[in-house]
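In the numbering used here, the protein residues as written are 3 to 232.
Every residue gets a Cβ at the ideal spot worked out from N, C-alpha and C, and that includes glycine.
Here the structure is a predicted model, which means the values were calculated and not measured.
The block underneath contains the structure these notes are about, expressed in structure tokens.
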């Protein structure tokens, strides 16, 4: 077992492992125990009472974080020439089509989100093996395949993220940065939790919100009280 550093021990000592924290308490505490030299990412992990192997219990969607992600999201808009100006004005970092498809075939994936149009999806099919594992394949369900390219780009730049329950029933999402105020961290976390509550599948039985943990990059996790945040 790896030995804890002095800073890690100090962070651990500030967390009461027998306590379920409120969202406000956890948001303040996660800032206090974050001691890396960069602006750490703040992450939320929510274990849901669902069986992701069953289609009627899959939880997947999008949420716009009210205070943004704190990250400069790099957006590639794969669009036809008539949509290029629209995508550029909305703030897309890379705009084009065939030249970027060729770059992706060559292994280039230096973007965070790809937005495209329904008519272009056929060209992206063969690139699934490159884009799929990186979570970059556009999907109508997450609003990244649309004719309203400008809105899609603007939403992503403003803090729209997509989430999906993994095979163990957990939704992981980065909801901000350690430089955010505790109020902003709590506000973003609340927005995601509220969205998940509204998406409870009717086929899900028993306790839906099983556990919620808040953490930052390399920090210990803080357990929230699921009943207090619903």
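- Going by DSSP, residue 78 is part of the beta strand (DSSP E) stretching over 77–80.
- When rounded, the separation of the alpha-carbon atoms in residue 200 and residue 67 is 16 Å.
- Pairing residue 129 with residue 103 gives a Cβ-Cβ distance under 9 Å.
- Setting aside the 5 residues that flank it on each side, residue 16 is surrounded in the same chain by 35, each with a C-beta closer than 6 Å to its C-beta; the list follows chain order.
- Taken in chain order, the whole beta strand (DSSP E) runs of length 3 or more contained in the segment 95–140 are 96–98 and 115–118.
- Cβ atoms of residue 119 and residue 146 stay farther apart than 8 Å, at about 10 Å.
- Note on residue 58: under 16 other CB atoms within 10 angstroms of its CB, so exposed under the neighbour-count rule.
- Note that the C-beta distance between residue 116 and residue 149 is not below 9 Å.
- For residue 49, the beta-bridge partners assigned by DSSP are 172 and 213.
- Residue 64 is bridged by DSSP to 164.
- For residue 97, the closest alpha carbon among the candidates 181, 109 and 77 is that of 77.
- In terms of Cα proximity to residue 224, the closest of 10, 27 and 9 is 27.
- Looking from the CA of residue 135, the closest CA among 114, 177, 178 and 33 belongs to 114.
- For the set 157, 37 and 125, the Cα lying nearest the Cα of residue 75 is the one of 157.
- The segment 45–61 makes contact with the segment 202–218: 3 or more CB pairs, one atom from each, lie closer than 8 Å.
- The criterion of a C-beta distance shorter than 9 Å is not satisfied by residue 31 and residue 231.
- Looking at the DSSP output, residue 177 shares a beta bridge with no other residue.
- Rounded to the nearest whole angstrom, the CA to CA distance from residue 91 to residue 152 is 8 Å.
- Excluding its 5 nearest sequence neighbours in each direction, residue 210 has C-beta neighbours in its own chain below 8 Å: 50, 51, 52, 199 and 202, listed in chain order.
- The residues 54, in chain order, have a CB closer than 6 Å to that of residue 169 in the same chain once the five nearest residues on each side in sequence are set aside.
- For residue 7 and residue 126, the gap between their C-alpha atoms comes out near 46 Å.
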